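The structure appears below as structure tokens.
4 protein chains.
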Amino acid sequence: MQFLSDNAAAVHPLVWEAMHAADASDAPYDGDGLSRELDARFSHLFGRDCAALWVATGTAANCLALATMVQPHGAVVCHEEAHIEMDEGGAPGFYLHGAKLLLVPGEGAKLTPETVRAAIDPIRDDVHQVQPHAVSITQASEYGCAYRADEVAAIASLAKQRGLGLHMDGARFANATAFLDCSASQAAGAVDALSFGCIKNGAMSAEAILLFDPAAADVARYRRKRAGHLQSKGRFLAAQLLAMLEGDLWLHNARAANAAAQEIAGAAADRLMHPVEANELFVRCSAAEREALRQQGFGFYDWGADAARFVTAWNTRAEDAAALARALAGL
Amino acid sequence: MQFLSDNAAAVHPLVWEAMHAADASDAPYDGDGLSRELDARFSHLFGRDCAALWVATGTAANCLALATMVQPHGAVVCHEEAHIEMDEGGAPGFYLHGAKLLLVPGEGAKLTPETVRAAIDPIRDDVHQVQPHAVSITQASEYGCAYRADEVAAIASLAKQRGLGLHMDGARFANATAFLDCSASQAAGAVDALSFGCIKNGAMSAEAILLFDPAAADVARYRRKRAGHLQSKGRFLAAQLLAMLEGDLWLHNARAANAAAQEIAGAAADRLMHPVEANELFVRCSAAEREALRQQGFGFYDWGADAARFVTAWNTRAEDAAALARALAGL
Amino acid sequence: MQFLSDNAAAVHPLVWEAMHAADASDAPYDGDGLSRELDARFSHLFGRDCAALWVATGTAANCLALATMVQPHGAVVCHEEAHIEMDEGGAPGFYLHGAKLLLVPGEGAKLTPETVRAAIDPIRDDVHQVQPHAVSITQASEYGCAYRADEVAAIASLAKQRGLGLHMDGARFANATAFLDCSASQAAGAVDALSFGCIKNGAMSAEAILLFDPAAADVARYRRKRAGHLQSKGRFLAAQLLAMLEGDLWLHNARAANAAAQEIAGAAADRLMHPVEANELFVRCSAAEREALRQQGFGFYDWGADAARFVTAWNTRAEDAAALARALAGL
Amino acid sequence: MQFLSDNAAAVHPLVWEAMHAADASDAPYDGDGLSRELDARFSHLFGRDCAALWVATGTAANCLALATMVQPHGAVVCHEEAHIEMDEGGAPGFYLHGAKLLLVPGEGAKLTPETVRAAIDPIRDDVHQVQPHAVSITQASEYGCAYRADEVAAIASLAKQRGLGLHMDGARFANATAFLDCSASQAAGAVDALSFGCIKNGAMSAEAILLFDPAAADVARYRRKRAGHLQSKGRFLAAQLLAMLEGDLWLHNARAANAAAQEIAGAAADRLMHPVEANELFVRCSAAEREALRQQGFGFYDWGADAARFVTAWNTRAEDAAALARALAGL
């Protein structure tokens with residue numbers, strides 16, 4: 095009964111099917127028919143023109159997107175517990191050629207206009223201090239919290255006013271959209287670039303970088319190749335992305351993961367450190383309680399000394415979620 | 095009748111099968127059982143200890159390998175038509191943080207101790223000039239020529255004597271090994287790192303970086319993550335690599351591609367620009383002749399104004415190879 | 095009556111004199127007799143072998159020193175108000191090719207073994223997190239506090255135990271040494287590299303990078319050239335450094351600046367935010383008080399909303415220091 | 095009798111004088127009155143608006159200028175013997191974050207529209223190949239040859255047409271201008287950025303980066319700081335530059351060096367490898383002849399096996415030039 099992460103869950107059968115179908119083509123790189131369909135399909139989904147580039151990891155997606163907005167001498171404003179700061183092995187420093195991350199605190203790993211301003215207003219406009227070039231937010235956040243449309247709008251407005259690019263790390267964008275029960279466009283707001291996550295949601299090895307600025311798309315294409323991320327059999331990545339979009343599989347899968355998370359959340363409401371607005375639960379529990387849960391066969395990560403993190407996935411079994419709910423209720 | 099490249103050929107059924115089998119696990123990154131098997135399997139194949147890391151592209155493999163040998167202020171000696179110089183979109187400059195490629199001419203896109211010496215001996219040992227830190231050779235070369243064991247040994251000996259690392263780009267290492275009819279160990283010689291190519295040889299999206307120096311392996315692991323190349327479902331890459339090794343599928347596939355190339359070569363012997371020692375043919379032919387071939391349904395790249403490049407793959411059909419042989423003979 | 099900074103103070107007459115004398119030579123780069131004397135002179139001063147390289151700025155000195163210890167995928171532990179973090183325009187990100195600064199809080203802008211441990215102990219030894227490669231401390235600190243020999247020793251011991259390099263930013267090393275009334279060697283402790291500052295202490299445009307590891311010196315020489323910091327008339331930088339060492343001018347100048355700072359400190363003891371152990375004073379005072387001081391002709395920087403920073407220099411006039419002391423006492 | 099180089103020649107008395115005068119100010123960085131005068135003074139000299147930034151070396155000037163034109167994934171077209179390729183220790187790779195130098199052959203180390211086109215036209219407009227972002231030419235060239243106004247214009251026109259920035263390395267711009275007997279503006283043509291050299295021409299440690307694009311100036315200011323090239327006592331660099339401009343000292347000095355070169359050239363006309371259009375002479379002579387010259391007390395560099403390089407400077411003594419002329423004539 096695995097709740098460690100959604101990042102290595104099984105591949106959805108429809109994704110497998112699409113990948114097999116893609117084997118028929120032999121056009122290299124992103125010259126195949128599937129890759130060429132991506133721009134139109136994602137533009138349609140988001141209701142505005144974008145370029146859609148596949149890459150194999152969320153880290154590559156985030157960093158390539160940011161590289162279109164941030165010069166080497168600039169900085170990205172992000173939450174101090176953002177994935178790009180905590181879990182990407184310094185990839186932003188690599189991709190952005192030494193640009194800085196300006197870390198901002200805040201509830202639920204979310205930024206607000208206030209916290210962004212508090213970080214950037216003290217920066218003197220002189221060459222001794224690194225100037226912000228972009229803001230990056232995570233939808234859903236690293237604590238499983240979803241930005242509402244007005245929250246994104248407020249940050250986007252501040253970013254625009256200050257001349258900053260706005261990037262959204264959407265590793266769990268599907269879960270946020272499903273939770274918010276809104277359109278993709280509403281969940282993304284006026285971001286300039288979005289890392290549209292699929293791997294945690296049933297794909298094997300494909301994320302989409304969505305770039306709403308055509309000039310940025312051109313840069314990202316060169317940078318993707320330069321980073322060794324332009325696969326010669328890219329059709330298999332395109333196939334995964336298209337399979338996720340087809341029939342809204344991305345939402346279907348996310349709803350399943352969210353529902354499992356909600357069931358568990360219901361049983362542990364008083365222990366929750368953050369509202370459950372996606373498929374992650376951060377649950378206060380003692381070492382002894384965690385040990386008891388592990389004895390019952392549940393897999394999960396400790397979260398500091400006094401909590402545990404549980405993540406559901408598109409394929410979390412109903413009985414496993416129910417069992418965890420019972421176990422948490424019974425602690 | 096496609097002879098454009100082997101880089102986007104179909105995925106071998108045994109690779110598909112292994113990938114499906116890998117779906118059962120859900121251990122993330124390279125913590126799964128398949129990934130953990132790689133070091134032992136490749137060490138066995140090469141008869142000496144190595145660390146084996148999967149990555150999704152040959153560019154990433156080459157650059158991560160070189161990054162273990164070359165400091166940002168150093169240089170890599172390579173052929174002026176090497177893939178790292180010509181076709182990787184500047185990836186070495188990115189991964190090596192601005193280190194330089196020192197370009198060397200030479201027949202068949204091969205280096206020799208003499209040409210390497212001619213490039214590095216004039217470099218004064220002072221800070222005004224970039225010093226070589228490594229040599230990179232391609233097996234088989236960009237013109238489909240295989241280095242014999244004594245040729246690699248001579249370069250390795252020079253590299254060792256000058257304190258340079260030795261990297262081998264083995265995007266078509268299988269084809270070279272099959273042609274030489276020797277062991278993997280003999281085809282690689284005393285290189286410090288090898289990009290063991292599989293994608294052009296029946297895999298979907300996995301190459302192996304083989305590092306024969308344990309300290310280098312540690313650096314490469316951090317750099318792989320930092321480059322966004324550590325896939326969370328890495329088991330699917332490991333599965334591909336293991337499938338290629340299983341029952342020597344890698345050699346089996348390469349032999350098939352080589353045999354098709356030899357059949358075609360036999361029919362165009364007097365037109366060959368380079369000996370055919372792998373699965374690539376560079377064939378002198380006029381624009382009119384190329385047009386005639388295309389009229390007959392053959393796909394291939396022009397190679398300058400007076401030649402064409404034909405590449406066979408593991409799945410080139412016998413009848414297509416025969417047809418091309420006939421067509422070339424009939425020109 | 096200027097207390098803005100020591101960083102642009104006049105050049106000491108003996109420095110001018112040495113520079114003029116250097117004009118006689120015409121050996122380029124660091125091949126002149128003066129540059130060649132540096133290793134021996136600094137090795138003598140510190141009582142252990144070191145390589146001494148001139149550079150034109152403290153930023154270059156810090157970053158080139160760190161570049162010998164930190165790989166691009168690593169990190170430097172430093173205080174959150176360290177000069178390298180706050181005031182170098184992102185130079186560490188540039189020179190270290192994207193390596194990270196791990197920021198540590200602490201009284202007086204000083205690190206302790208405890209705060210360093212608190213920063214690095216939670217870092218899991220896996221590739222997802224950036225690993226520390228070095229620690230950087232500032233002597234005297236950014237708040238004008240001097241590390242005692244045992245404090246440096248404790249940090250050096252921790253660094254050694256964890257395999258981390260130890261760098262000391264000595265932009266005001268002279269002031270710290272003068273305050274501690276100890277030898278250069280005692281003030282530096284077992285650091286691996288020291289940025290020996292002269293520019294704030296009477297030189298024009300020369301700092302010394304001292305590298306106590308010969309391998310590091312070799313790297314730093316290449317990196318200095320690569321950063322455009324190898325001046326062809328380097329003899330004028332060497333001359334400045336030698337003039338500072340001659341007759342202990344560096345200590346003489348620092349003592350003068352420190353004495354002026356102490357006189358002022360004596361008059362504002364109850365307003366001091368930090369002990370005055372070099373030539374900087376951080377003084378609590380209201381906006382109105384600051385305005386009053388400015389009306390009296392004193393130049394200085396605001397330090398947040400409720401304080402001011404005063405910096406003395408080697409050439410601060412006794413009457414100016416006395417006047418400031420009186421003015422502060424009279425607030 | 096020193097003809098090794100002009101790069102370490104004595105500092106002109108008027109430069110010393112200006113530096114001493116600058117000691118009176120204590121405004122830091124480039125906030126002093128002298129630094130603030132630079133834009134206007136250079137704009138006047140060149141007859142169009144530019145930003146003028148001091149830096150301490152030609153390498154820094156070239157690389158910072160190029161960094162305003164070239165993205166990390168791009169390339170600079172330059173001569174294969176350009177200083178940026180041969181003598182800057184890989185600094186372009188560092189400052190341009192791994193961008194490439196595309197090397198072009200050509201007589202006299204000069205580029206022509208034809209050779210530039212030959213280098214860039216074969217580059218396919220796809221992500222596998224590094225795209226040119228700028229062209230860099232050297233005035234006077236590394237072989238002491240001056241570009242005529244129409245030659246620069248032709249290159250500038252090509253650059254503009256292809257969307258490439260145009261940089262001029264003017265380490266010996268003064269010598270070229272003096273030789274051409276034209277205005278600064280005519281010698282520079284329509285370049286986007288110029289490294290205006292002074293150090294080889296009587297200054298101590300100051301070159302000017304001239305940026306004719308205001309947006310580029312902003313980037314260059316941040317990058318200069320980030321590279322550790324923003325000196326806190328920058329007034330001493332500004333003073334040098336202003337002294338060079340004052341009364342056309344830059345031309346006066348260059349004319350002196352050129353005249354000495356011409357005298358020598360006159361005596362060795364049949365041995366010259368390149369026309370002498372600045373202050374460098376490349377003279378065919380055997381090892382025995384070089385030995386004979388050295389015996390007579392002349393200092394110079396060998397240039398390959400069959401030639402020598404002689405460089406005159408602003409302060410080359412008439413009798414030394416005459417002696418060398420006689421000696422060469424007498425070989």
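In the order they appear, the protein sequences are chains A, S, P and G. Every position in the first sequence, counted from 1, becomes a number in our numbering once 94 is added. Every position in the second sequence, counted from 1, becomes a number in our numbering once 94 is added. Every position in the third sequence, counted from 1, becomes a number in our numbering once 94 is added. Every position in the fourth sequence, counted from 1, becomes a number in our numbering once 94 is added. Backbone N, C-alpha and C define an ideal beta-carbon position, used for all residues, glycine too. A quick note: this is a predicted structure, and the numbers were derived from the prediction, not measured.
Status (buried if at least 16 other CB within 10 Å, exposed otherwise) for residue i
i: residue 411 (chain G); result: exposed
i: residue 138 (chain A); result: exposed
i: residue 218 (chain A); result: exposed
i: residue 318 (chain G); result: buried
i: residue 189 (chain P); result: buried
i: residue 236 (chain A); result: buried
i: residue 384 (chain G); result: buried
i: residue 320 (chain A); result: buried
i: residue 396 (chain S); result: exposed
Proximity of residue i and residue j at Cβ, strictly below 8 Å
i: residue 360 (chain G); j: residue 270 (chain G); result: no
i: residue 265 (chain G); j: residue 274 (chain G); result: no
i: residue 300 (chain P); j: residue 334 (chain P); result: yes
i: residue 168 (chain A); j: residue 193 (chain A); result: yes
Helix, strand or coil at residue i according to DSSP, with G and I counted as helix
i: residue 210 (chain G); result: helix
i: residue 97 (chain S); result: coil
i: residue 323 (chain P); result: coil
i: residue 341 (chain P); result: helix
i: residue 148 (chain A); result: strand
i: residue 201 (chain P); result: helix
i: residue 350 (chain A); result: helix
i: residue 258 (chain G); result: coil
i: residue 328 (chain A); result: coil
i: residue 271 (chain P); result: helix
i: residue 246 (chain A); result: helix
i: residue 157 (chain G); result: helix
i: residue 372 (chain G); result: coil
i: residue 425 (chain A); result: coil
i: residue 189 (chain A); result: helix
Residue i to residue j span [Cα, whole Å]
i: residue 203 (chain G); j: residue 172 (chain G); result: 9 Å
i: residue 175 (chain G); j: residue 241 (chain G); result: 16 Å
i: residue 158 (chain S); j: residue 305 (chain G); result: 37 Å
i: residue 116 (chain G); j: residue 180 (chain P); result: 29 Å
i: residue 131 (chain G); j: residue 112 (chain G); result: 14 Å
i: residue 340 (chain G); j: residue 140 (chain G); result: 14 Å
i: residue 128 (chain A); j: residue 121 (chain A); result: 10 Å
Which listed residue (the options) has its alpha carbon closest to that of residue i
i: residue 155 (chain A); options: A:302, A:141 and A:255; result: A:302
i: residue 255 (chain S); options: S:210, S:292 and S:277; result: S:210
i: residue 377 (chain P); options: P:363, P:389, P:109 and P:386; result: P:363
i: residue 315 (chain G); options: G:147, G:95, G:335 and G:98; result: G:147
i: residue 277 (chain A); options: A:221, A:252, A:101 and A:344; result: A:344
i: residue 124 (chain P); options: P:404, P:392 and P:326; result: P:326
Beta carbon proximity, residue i to chain B, threshold 8 Å
i: residue 106 (chain P); result: In the displayed structure, chain B is absent; the protein chains listed are A, S, P and G.
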